[in-house]
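Q: Going line by line, the protein sequences match chains A and B.
Sequential numbering from 1 applies to the first sequence in our numbering.
Sequential numbering from 1001 applies to the second sequence in our numbering.
Glycine is no exception: its CB is placed at the ideal position from the N, C-alpha and C atoms.
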Amino acid sequence: MIDTLFFALVAAVAVVAAVAMVVARRAVHSALFLVVILFCVALLYLTLSAEFLAAVQIIVYAGAVMVLFLFVITLLNPAAEQQLADVRSHGIVAAVLAGVLLIEVAAVLRWGTLAGQPASFPPPAVPWSDNVQAIGEGLFTTGFLLPFELTSVLLIVAIVGATVLAKRRL
Amino acid sequence: MQTDWGNWGYVALFLLIATGFAFIPLVLSPLIRPRNPNPVKQATYECGIETVGTSWIRYYAGFYVYALVFVVFDVETIFLYPWAVAFGLLNWFALIEMAIFIGILLVGLVYAWKKQALRWW
C-alpha cells in the first residue's frame, strides 16, 4: 500500500516536472526541471531495491550529465529565449513518438518477459540484499580486472581529448 | 508487494532535515526581521563593486574542460563506491586493482594540469 502511494507521489512529481521542463521558457529552468525528473527516477529505482542504480542515476545523470547540459546552456546564449519558439513546431513529431513509446511500454507490460517471468505492475517484491556490496564483490574478485582497468584507459582518453580540444580553441 | 525499506527511512529523514535546515531560516528570517531598507542596504554587495550588466551572458568556452574533467572523476566515483562498500570482503588484490585504476586516471589529471587546461585565464 505504502509502496503504491510512494510510487504515485514520485511519478506525479516526475510528470509535473516533465511538463514544466517542456513548457519552461528558459533553457536553464528546463535543465533544473530535468534534475527533478532524474531524482524521481532514482527514487523509483530505490522502490525496485536497486540502490546502486539509484546512486549511479544521481551521480551520473543528476551530477555529471546535468553539469554538461548546464555548461552547454551557459556557453550558448542563455538569454535567447525566442529561439525556443522554433521547437514548438516539432510538437506533432514529438506527440507521435511519445504515442509509439506509450504503446511500446504497454506492450512490454502486457506480453514482455524478464528472465522468463512475465512483466507485471506493481513489480514483484525482491528480497532485500546489499546489491552495492554484491556488485563490488563481483567486480573486484571475479576476473573483471582487464575490463575494469580498460575503463580507466577510456576515461584518460576522455581527459586527453578534452584537453587537446580546449587547447586548440585557445 | 511490500518493498523492504531497510535503512532508507533514515536517509529520507536526513534529506528532510537537511532541506529544512536550508529552507526554514530563509522562510523565517523575512517574517521576524525588522524592515527598514535604505539604498546602501539594498546594494548587491555591502562592500565591493556593483555588478555591470546582466549575469545571463555567454561564458568562456574553456570552462567546458572543467566540466569534462569533472565527469571523468564522477565516473571514477561510481567504481569507488561499490569497491568501498565491499572493501571488507575484498583482498589486497582489489586494493592494487583500484590503485592502478586511480593511478591511470591521475596520469590524465597531471596531463591536463601540465597542458595548463586547468588555468582560469
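If I follow the unbroken alpha helix (DSSP H) through phenylalanine 1063 of chain B, where does it start and stop?
A: Within the second sequence, numbered from 1, the residue matching residue 1063 of chain B stands at position 63. Segment: none, phenylalanine 1063 of chain B is in no alpha helix (DSSP H) and carries neither H nor E.
Q: Answer with buried or exposed for threonine 74 of chain A, where buried requires no fewer than 16 other C-beta atoms within 10 angstroms of its C-beta.
A: Taking the first residue of the first sequence as position 1, residue 74 of chain A is located at position 74. Classification of threonine 74 of chain A: buried, given that the 10 Å Cβ count is 16 or more.
Q: How about alanine 1067 of chain B and threonine 163 of chain A: are their beta carbons less than 9 Å apart?
A: If you number the second sequence from 1, residue 1067 of chain B lands on position 67. If you number the first sequence from 1, residue 163 of chain A lands on position 163. No.
Q: For leucine 38 of chain A, tell me which candidate among A:Phe52, A:Arg26, A:Ala18, A:Leu155 has the shortest Cα-Cα distance.
A: The sequence position of residue 38 of chain A within the first sequence is 38, counting from 1. The option with the nearest alpha carbon to leucine 38 of chain A is A:Ala18.
Q: Below 8 Å on the Cβ atoms is my guess for alanine 1117 of chain B versus lysine 167 of chain A; work out the distance and round it to an integer in Å.
A: To locate residue 1117 of chain B, count along the second sequence from 1; it is residue 117. To locate residue 167 of chain A, count along the first sequence from 1; it is residue 167. Right, their Cβ atoms sit about 6 Å apart.
Q: For glutamate 104 of chain A, would you say it is in contact with chain B, using Cβ-to-Cβ distances shorter than 9 Å as the test?
A: In the first sequence, counting from the first residue as 1, residue 104 of chain A sits at position 104. Answer no: the Cβ-Cβ gap between glutamate 104 of chain A and chain B never drops below 9 Å.
Q: Compute the Euclidean distance between the alpha carbons of phenylalanine 1093 of chain B and threonine 151 of chain A, then round it to the nearest angstrom.
A: Translated into the one-based positions of the second sequence, residue 1093 of chain B becomes position 93. Translated into the one-based positions of the first sequence, residue 151 of chain A becomes position 151. Cα to Cα, phenylalanine 1093 of chain B sits roughly 18 Å from threonine 151 of chain A.
Q: Which bits of chain B does alanine 94 of chain A rub up against, with CB to CB less than 9 Å?
A: Indexing the first sequence from 1 puts residue 94 of chain A at position 94. Within chain B, no residue comes near alanine 94 of chain A; the closest Cβ sits about 27 Å away, beyond 9 Å.
Q: What is the DSSP secondary structure of leucine 1118 of chain B, counted as helix, strand or coil?
A: What you label residue 1118 of chain B is simply residue 118 of the second sequence in a count that begins at 1. In the structure shown, leucine 1118 of chain B sits in coil (DSSP, three-state: anything other than H, G, I, E or B).
Q: With 9 Å set as the bound, which would you pick, yes or no: does the beta-carbon of serine 89 of chain A sit closer than that to a beta-carbon of chain B?
A: Along the first sequence, read from residue 1 onward, the residue named residue 89 of chain A stands at position 89. For serine 89 of chain A, the answer is no, since every Cβ of chain B falls outside 9 Å of its Cβ.
Q: Could you list which residues in chain B have their beta carbon closer than 8 Å to that of valine 60 of chain A, in chain order?
A: On the first sequence, position 60 is the one that residue 60 of chain A refers to. Near valine 60 of chain A (Cβ distances below 8 Å), the residues of chain B are Asp1074, Val1075, Ile1078.
Q: From the DSSP output, in three-state form, read off threonine 163 of chain A for me.
A: Numbered from its first residue, the first sequence carries residue 163 of chain A at position 163. Reduced to three states, the DSSP call for threonine 163 of chain A is helix.
Q: Could you name the residues that DSSP lists as bridge partners for glutamine 117 of chain A?
A: Reading the first sequence from its first residue, position 117 is the one you call residue 117 of chain A. DSSP output for glutamine 117 of chain A lists A:Leu114 as bridge partner(s).
Q: Residues in the stretch 136 to 151 of chain A with C-beta within 8 Å of chain B's C-beta atoms, listed in sequence order?
A: Against chain B - using a Cβ distance shorter than 8 Å - the residues of the stretch 136 to 151 of chain A are Gly136, Glu137, Leu139, Phe140, Thr141, Leu145, Phe148, Glu149, Thr151.
Q: So the alpha helix (DSSP H) glutamate 137 of chain A belongs to, where does it begin and stop?
A: Translated into positions along the first sequence, residue 137 of chain A becomes position 137. Taken as a continuous stretch (DSSP letters only), the alpha helix (DSSP H) holding glutamate 137 of chain A covers 131 to 141.
Q: Cβ of leucine 155 of chain A within 9 Å of Cβ of isoleucine 1104 of chain B?
A: Mapped onto the first sequence, residue 155 of chain A falls at position 155. Mapped onto the second sequence, residue 1104 of chain B falls at position 104. Taking 9 Å as the Cβ cut-off, leucine 155 of chain A and isoleucine 1104 of chain B qualify as a contacting pair.
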